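A.B. asks: Following the numbering used here from start to finish, the sequence shown increments by one per residue and tops out at 335. Idealized CB from N, CA, C, for every residue including glycine. All values derive from a computational prediction rather than experimental measurement. What follows is a single structure, and I will ask about it in a moment.
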Amino acid sequence: MRFAQTICQIPIAAGQGDKIVWTGSSTGDFSTKSAWEAIRQASPRQQLLADVWHRSLRPTISIFLWRLFQDRIPVDARMRQKGFSFPSKCQCCEAEETVSHMFIESATVQGVWQHFAAIFGLCICGTGSLTHMRNAAKYRGVPFSTDGIILEVQRHLRTLYAARTLTSTQWKGDLHQAAVMGFIFFQQVPRAPSIVRWHAPSPFWFKLNTDGSSLGNTGLAGAAGIIRDSAGHVHLAYQFALGTGTNVLAELTAVWWGMELALTYGLAPLVVEVDATTVISLLKSRAFGQWEIQHMIMRTVCLQQFLVADVQHAFRVANGAADNLAKETASL
4 MRFAQTICQI PIAAGQGDKI VWTGSSTGDF STKSAWEAIR QASPRQQLLA DVWHRSLRPT
64 ISIFLWRLFQ DRIPVDARMR QKGFSFPSKC QCCEAEETVS HMFIESATVQ GVWQHFAAIF
124 GLCICGTGSL THMRNAAKYR GVPFSTDGII LEVQRHLRTL YAARTLTSTQ WKGDLHQAAV
184 MGFIFFQQVP RAPSIVRWHA PSPFWFKLNT DGSSLGNTGL AGAAGIIRDS AGHVHLAYQF
244 ALGTGTNVLA ELTAVWWGME LALTYGLAPL VVEVDATTVI SLLKSRAFGQ WEIQHMIMRT
304 VCLQQFLVAD VQHAFRVANG AADNLAKETA SL
């Protein structure tokens, strides 16, 4: 009997055919990305690696820095650790060639860092040029000097600029230095500030503003909403706790319950404003969604037809009344 009650409590969408649902994605559809996210063991975020793989760095530089931090640069000391036997000598002095000496301690290299530090503060692209000039000195007899490395870095930057792979993103904060070097980047015109506020619906229409909140996602959740007319008068407001749930569940429940109340009290036609873009995408695309929410999606879509309801996005600032109600409910 207990199992029968549990089965009967499972919500279903009447009139809908059977469908296989992939629980690993928000749409209910399978993707290799969602499968990978389901099985991967993610390590804690490391700020150093986040900086190395930053979008402002070219992939070749990021890969080189990653190899450098993993001690994968084939300097003499590293090759001797691998079992190769040969004398080690830096290309600019008599010291042993190690990673720390080649990139930090060498007087030649320190001159390079000091030169670019005076201009940029730090020039990451110099690391690759150091290796390039070291190989040229070791295998082709090209002099390994501070001036030579600086010229190599500048030549590399000009090559990237000519190939249009060097953009203003890499020069953020140093565009004046880019101009000195002859690199001109077109800047986007800053967008003029705009006032964000709640707007009343058209005459004879009603507007439903909803919001859902989950403290922790997944955590204690609440849903709320408010319906106003074209004069801004409040016709109905609601809020209720959902127990434990996700943000998407809370947001979708708020929309669904608001539409149910609007239908009950004849508050139509209706404009619905939500600040959750995920919910808007689910309703407009009529995606199947996760198993826990798919029945709610189907019911909400059906209510849209009865209420002639249009679901739109609203910035959180313009959705303040519903947002405050939802947060208050979730914290109870």
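By Cβ distance below 8 angstroms, which residues in the same chain neighbour Gly131 in space, the five residues on each side in sequence not counted?
C.D. replies: Excluding positions up to five away in sequence, the list reads Thr63, Ile64, Phe67, His159.
A.B. asks: Let me know the secondary structure DSSP gives Thr221 once reduced to three states.
C.D. replies: Reduced to three states, the DSSP call for Thr221 is coil.
A.B. asks: Going along the chain, which unbroken runs of the alpha helix (DSSP H) with 4 or more residues stay wholly within the segment 95–173?
C.D. replies: Runs found: 110–120, 129–143, 149–165.
A.B. asks: CA-CA distance, Glu295 and Gly248?
C.D. replies: Rounded to the nearest angstrom, the two C-alpha atoms are 10 angstroms apart.
A.B. asks: How would you call Asp21, buried or exposed, if buried means at least 16 neighbouring beta carbons within 10 angstroms?
C.D. replies: Exposed, by the Cβ-count rule.
A.B. asks: Among Asp232, Glu254, Ala253, which has the Cα closest to the Cα of Pro204?
C.D. replies: When each option's Cα is compared against that of Pro204, the closest is Asp232.
A.B. asks: Does the beta-carbon of Asp74 have 16 or more other beta-carbons within 10 angstroms, so that it is buried, or is it exposed?
C.D. replies: It counts as exposed.
A.B. asks: Going by C-alpha distance, which of Arg61, His118, Ile76, Leu133 is nearest Cys95?
C.D. replies: The residue with the shortest Cα to Cα distance from Cys95 is Leu133.
A.B. asks: I need the straight-line Cα distance from Asn250 to Ala324, nearest angstrom please.
C.D. replies: Their Cα atoms are separated by approximately 18 angstroms.
A.B. asks: Report the option in Val314, Leu286, Lys36 whose CA atom is closest to the CA atom of Arg302.
C.D. replies: When each option's Cα is compared against that of Arg302, the closest is Leu286.
A.B. asks: Helix, strand or coil: which one does DSSP assign to Phe67?
C.D. replies: In the structure shown, Phe67 sits in a helix (DSSP, three-state: H, G or I).
A.B. asks: Would you say the segment 252–268 touches the segment 301–316, given that touching needs at least three Cβ pairs under 8 angstroms?
C.D. replies: Yes, the segment 252–268 touches the segment 301–316.
A.B. asks: For the candidate residues Lys175, Ala166, Asp150, Trp208, whose alpha-carbon lies nearest to that of His57?
C.D. replies: When each option's Cα is compared against that of His57, the closest is Lys175.
A.B. asks: Roughly how many whole angstroms lie between the Cα atoms of Tyr241 and Ala253?
C.D. replies: Looking at the two C-alpha atoms, the distance is approximately 13 angstroms.
A.B. asks: Can you find at least 3 beta carbon pairs, one from the segment 186–196 and one from the segment 132–147, that sit closer than 8 angstroms?
C.D. replies: Taking 8 angstroms as the limit for Cβ pairs, the verdict is that the segment 132–147 does not touch the segment 186–196.
A.B. asks: Three or more C-beta pairs closer than 8 angstroms, one from the segment 77–86 and one from the segment 98–109: is that the case here?
C.D. replies: Yes, since at least three Cβ pairs between the segment 77–86 and the segment 98–109 fall closer than 8 angstroms, the two stretches touch.
A.B. asks: Is Ile283 helix, strand or coil when you go by DSSP?
C.D. replies: Correct three-state label for Ile283: helix.
A.B. asks: Under the rule that 16 or more other beta-carbon atoms within 10 Å means buried, what is Leu51, buried or exposed?
C.D. replies: Under this definition Leu51 is an exposed residue.
A.B. asks: Taking the C-alpha atoms as reference points, what is the distance between Met105 and Lys92?
C.D. replies: Going from the Cα of Met105 to the Cα of Lys92 covers about 11 angstroms.
A.B. asks: Use the C-beta contact count for Phe89: other C-beta atoms within 10 angstroms, 16 or more gives buried, fewer gives exposed.
C.D. replies: By the neighbour-count rule (16 or more Cβ atoms within 10 Å), Phe89 is not buried but exposed.
A.B. asks: On a CA-only basis, which of Gly222, Ala257, Trp259 is nearest Gly246? Give me that one, please.
C.D. replies: Answer by Cα proximity: Gly222.
A.B. asks: Per DSSP, which one or two residues make a beta bridge with Gln242?
C.D. replies: Beta-bridge pairing links Gln242 to Ala227.
A.B. asks: Taking the continuous alpha helix (DSSP H) assigned at His316, which residues delimit it?
C.D. replies: His316 -> not in any alpha helix (DSSP H); beta strand (DSSP E) instead, spanning 313–316.
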